[in-house]
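Asks: Can you read through this structure? Questions will come right after.
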Ligand SMILES: Cc1ncc(COP(=O)(O)O)c(C=O)c1O
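Numbering (the numbering used here), first residue to last: 97 to 503.
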């Protein structure tokens with residue numbers, strides 16, 4: 097009855113099932129996996145949103161509907177200014193609004209691939225993108241990121257990526273900075289990716305939703321910088337991460353590349369966007385005010401994330417089995433744990449015995465380094481309220497400090 101691409105296995109995984117069962121029994125869950133910024137007691141995003149909505153309600157133009165397939169011109173001008181502050185030049189007419197970054201991916205996959213064509217995604221990575229590709233009939237191939245030997249940055253294995261390209265390859269996705277590793281794409285890797293994409297006729301998709309989650313001045317340039325030549329570049333971002341307002345559902349694609357190809361891509365992207373006109377012009381009109389007011393939002397986010405990372409590091413001091421991997425940006429932390437036999441058993445044990453919820457690394461394709469199958473990865477969200485986070489981190493550390501082999 098249903099299409100093959102809708103043939104998902106919808107059974108909840110064991111961790112979700114047991115978490116729900118625990119909650120149903122009234123047992124506490126110390127949730128160290130939360131990544132929804134609207135559930136963690138942040139103050140600044142809600143205040144900025146209330147002010148922006150009040151301003152929109154007073155604006156007589158809000159009563160009119162003048163659809164523009166690329167999205168509200170004022171919002172696009174504010175997005176161009178946002179990228180300029182990040183050192184990248186993009187004109188407002190080279191921006192297309194979307195209802196969330198996820199829809200941006202859908203539009204791009206429709207633009208770039210026919211059913212059976214391939215997009216290349218980083219591994220480790222976040223599972224959403226594979227689903228978004230599959231929903232548009234595209235296949236996803238993973239290319240490896242190599243863990244840092246020193247410092248914090250994971251590096252693209254360009255040789256492995258090149259070897260996996262075929263005549264069906266259409267695009268390479270970069271997550272810049274990456275979720276959950278927190279690594280920016282190294283400028284040398286970006287140059288190599290550009291050369292490869294140029295040679296093989298691929299587009300570069302650069303997801304930069306976490307770009308503001310680095311310490312100010314610490315971020316390498318956006319993929320938009322220096323993208324006037326070579327392959328087409330599509331940079332995705334939106335309100336969900338930079339403004340911590342996923343409920344706004346306003347995001348964007350900025351297009352860069354050689355002018356003729358860029359304009360051709362934009363005309364076709366406009367056609368896709370016009371078919372849906374999915375972005376609420378009313379909400380898009382709040383974006384200039386929100387982007388202008390983003391400094392306190394980003395300060396609060398950075399303080400929360402850095403504070404929780406420090407709390408986690410402090411709690412783990414006695415847990416020699418665990419190593420907190422360094423990160424440059426983002427809202428996640430990766431823990432490497434030695435001496436556990438099985439990652440799933442480890443997260444289930446943590447839940448049942450310590451009441452702590454974290455995500456297993458396999459959900460993000462985090463693999464044990466070669467030659468050390470006993471290394472597991474746990475992925476934590478660094479957004480939760482500090483007090484609850486500290487309690488969870490301490491319970492996690494106590495569990496891990498117990499004799500090796502647990503889990
Ligand atoms: C790297 C990255 N890009 C995009 C998204 C989806 O963002 P949106 O809420 O704008 O669809 C996520 C969600 O967590 C993400 O981690």
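Even glycine gets a Cβ: it sits at the ideal position worked out from N, Cα and C.
For residue 271, tell me which candidate among 451, 426, 342 has the shortest Cα-Cα distance.
Replies: On the chain shown, position 175 is the one that residue 271 refers to. Considering only alpha carbons, the answer is 426.
Asks: Assuming residue 251 and residue 242 make a contact with CB atoms under 8 Å, what is their CB distance in whole Å?
Replies: The residue labelled residue 251 in the question sits at position 155 within the chain shown. The residue labelled residue 242 in the question sits at position 146 within the chain shown. About 5 Å separates the two Cβ atoms, so the contact holds.
Asks: With hydrogens ignored, establish whether the beta-carbon of residue 336 is closer than 7 Å to any heavy atom of ligand 1.
Replies: Numbered from 1 along the chain shown, position 240 holds the residue referred to as residue 336. Residue 336 has its CB nearer than 7 Å to a heavy atom of ligand 1.
Asks: Residue 332: which of 341, 324, 320 sits nearest, CA to CA?
Replies: Counting from 1 along the chain shown, the entry for residue 332 is found at position 236. Ranked by Cα distance from residue 332, the options 341, 324, 320 are led by 320.
Asks: Taking the alpha carbon of residue 303 as the point to measure from, which residue in 217, 262, 368, 354 has its own alpha carbon closest?
Replies: Here residue 303 is taken as the residue at index 207 of the chain shown, counted from 1. Among 217, 262, 368, 354, the Cα nearest to that of residue 303 is on 217.
Asks: Please classify residue 109 as buried or exposed, where buried requires at least 16 neighbouring CB atoms within 10 angstroms.
Replies: On the chain shown, residue 109 is found 13 positions in, with the first residue counted as 1. The residue is exposed, with fewer than 16 neighbouring Cβ atoms inside 10 Å.
Asks: Using alpha carbons as the reference points, say which of 392, 367, 431 lies closest to residue 165.
Replies: On the chain shown, position 69 is the one that residue 165 refers to. When only C-alpha atoms are compared, the closest one is 367.
Asks: Does at least one heavy atom of ligand 1 sit under 7 Å from the Cβ of residue 342?
Replies: As a first step, residue 342 is located in the chain shown; it is residue number 246 there, counting from the start. Indeed, a heavy atom of ligand 1 lies less than 7 Å from the Cβ.
Asks: Under the DSSP definition of a beta bridge, which residues are partnered with residue 455?
Replies: Within the chain shown, residue 455 is the residue found at index 359, counting from 1. Residue 455 is bridged to 475.
Asks: Could you spell out the range, first to last residue, of the beta strand (DSSP E) harbouring residue 334?
Replies: Taking the first residue of the chain shown as 1, we reach residue 334 at position 238. Residues 329 to 334.
Asks: Spatial neighbours of residue 128 within its chain, please: CB distance less than 8 Å, with the 5 preceding and 5 following residues excluded, ordered by chain position.
Replies: Reading the chain shown from its first residue, position 32 is the one you call residue 128. Hits under 8 Å: 452, 453, 454, 476, 477, 480, 485, 488, 489, 492.
Asks: Mapping DSSP to helix, strand and coil, what is residue 235?
Replies: Position 139 of the chain shown, counted from the start, is the residue given in the question as residue 235. In this structure, residue 235 counts as strand in the three-state DSSP scheme.
Asks: Can we count residue 275 as close to ligand 1, meaning its CB is less than 7 Å from some heavy atom?
Replies: Stepping through the chain shown from its first residue, residue 275 is reached at position 179. Yes; taking the cut-off as 7 Å, the Cβ of residue 275 has a heavy atom of ligand 1 nearer than that.
Asks: Comparing alpha-carbon positions, which option in 114, 444, 435 lies nearest residue 497?
Replies: For the purposes of this step, residue 497 is identified with residue 401 of the chain shown, where counting begins at 1. Checking every option, the nearest Cα to that of residue 497 belongs to 435.
Asks: According to DSSP, simplified to helix, strand and coil, what is residue 376?
Replies: Within the chain shown, residue 376 is the residue found at index 280, counting from 1. Coil.
Asks: With 16 as the cutoff for other CB atoms within 10 Å, does residue 501 come out buried or exposed?
Replies: Here residue 501 is taken as the residue at index 405 of the chain shown, counted from 1. Residue confidence is low: residue 501 scores 44 on pLDDT, short of 50, so the model does not pin down where it sits. No coordinate-derived value is stated.
Asks: Does DSSP classify residue 102 as helix, strand or coil?
Replies: Within the chain shown, the letter at position 6 stands for residue 102. Helix at residue 102.
Asks: Using only the alpha-carbon positions, how far apart do residue 471 and residue 411 sit?
Replies: To locate residue 471, count along the chain shown from 1; it is residue 375. To locate residue 411, count along the chain shown from 1; it is residue 315. So the alpha carbons of these two residues sit roughly 20 Å apart.
Asks: Across which residues does DSSP place residue 265 in a beta bridge pair?
Replies: Position 169 of the chain shown, counting from 1, holds the residue named residue 265. Residue 265 is bridged to 214.
Asks: According to DSSP, what are the bridge partners of residue 240?
Replies: Against the chain shown, residue 240 aligns to sequence position 144. Answer by DSSP bridge pairing, in chain order: 219.
Asks: Count the other CB atoms within 10 Å of the CB of residue 102; is the residue buried (16 or more) or exposed (fewer)?
Replies: One-based indexing of the chain shown puts residue 102 at position 6. Exposed: under 16 other Cβ atoms inside 10 Å.
Asks: Assuming residue 268 and residue 300 make a contact with CB atoms under 8 Å, what is their CB distance in whole Å?
Replies: For the purposes of this step, residue 268 is taken as residue 172 along the chain shown, with counting starting at 1. For the purposes of this step, residue 300 is taken as residue 204 along the chain shown, with counting starting at 1. Right, the Cβ-Cβ distance comes to about 6 Å (below 8 Å), so this counts as a contact.
Asks: For the alpha helix (DSSP H) containing residue 442, list its first residue and its last residue.
Replies: The residue given as residue 442 occupies position 346 in the chain shown. Judged by DSSP secondary structure, residue 442 falls within the alpha helix (DSSP H) whose first and last residues are 439 to 445.
Asks: Put residue 130 into one of helix, strand or coil per three-state DSSP.
Replies: Residue 130 sits at position 34 when you count from the first residue of the chain shown. The answer is coil: DSSP assigns residue 130 none of H, G, I, E or B.
Asks: In chain order, what residues of the same chain lie with their CB nearer than 7 Å to the CB of residue 124, ignoring the 5 residues before and after it?
Replies: Taking the chain shown and counting its residues from 1, the one referred to as residue 124 is at position 28. Result list for residue 124: 451, in chain order.
Asks: Does DSSP put residue 366 in a helix, a strand or coil?
Replies: For the purposes of this step, residue 366 is identified with residue 270 of the chain shown, where counting begins at 1. Note: residue 366 maps to helix in three-state DSSP.
Asks: Does the Cβ of residue 314 lie closer than 7 Å to at least one heavy atom of ligand 1?
Replies: Within the chain shown, residue 314 is the residue found at index 218, counting from 1. Flag unset: Cβ of residue 314 not near ligand 1.
Asks: Under the criterion of a Cβ to heavy atom distance below 7 Å, does residue 171 qualify as lining ligand 1?
Replies: Locating residue 171 in the chain shown gives position 75, counting from the first residue. No - ligand 1 has no heavy atom lying nearer than 7 Å to the Cβ of residue 171.
Asks: Considering just the uninterrupted stretch of the alpha helix (DSSP H) at residue 113, what are its terminal residues?
Replies: One-based indexing of the chain shown puts residue 113 at position 17. Note, residue 113: alpha helix (DSSP H), 110 to 120.
Asks: Taking 7 Å as the line, does the beta carbon of residue 205 fall inside it for any heavy atom of ligand 1?
Replies: One-based indexing of the chain shown puts residue 205 at position 109. No - ligand 1 has no heavy atom lying nearer than 7 Å to the Cβ of residue 205.
Asks: Is residue 315 helix, strand or coil when you go by DSSP?
Replies: On the chain shown, position 219 is the one that residue 315 refers to. Looking at residue 315 - three-state DSSP - the assignment turns out to be coil, as it is neither helix nor strand.
Asks: Within the same chain, show all residues whose beta-carbon is closer than 6 Å to that of residue 233, passing over the 5 residues directly before and after it, in chain order.
Replies: For this step, residue 233 is matched to residue 137 along the chain shown. Closer than 6 Å at Cβ, skipping near neighbours: 211.
Asks: Would you call the stretch 369 to 377 and the stretch 281 to 295 touching, i.e. three or more CB-CB distances under 8 Å?
Replies: no
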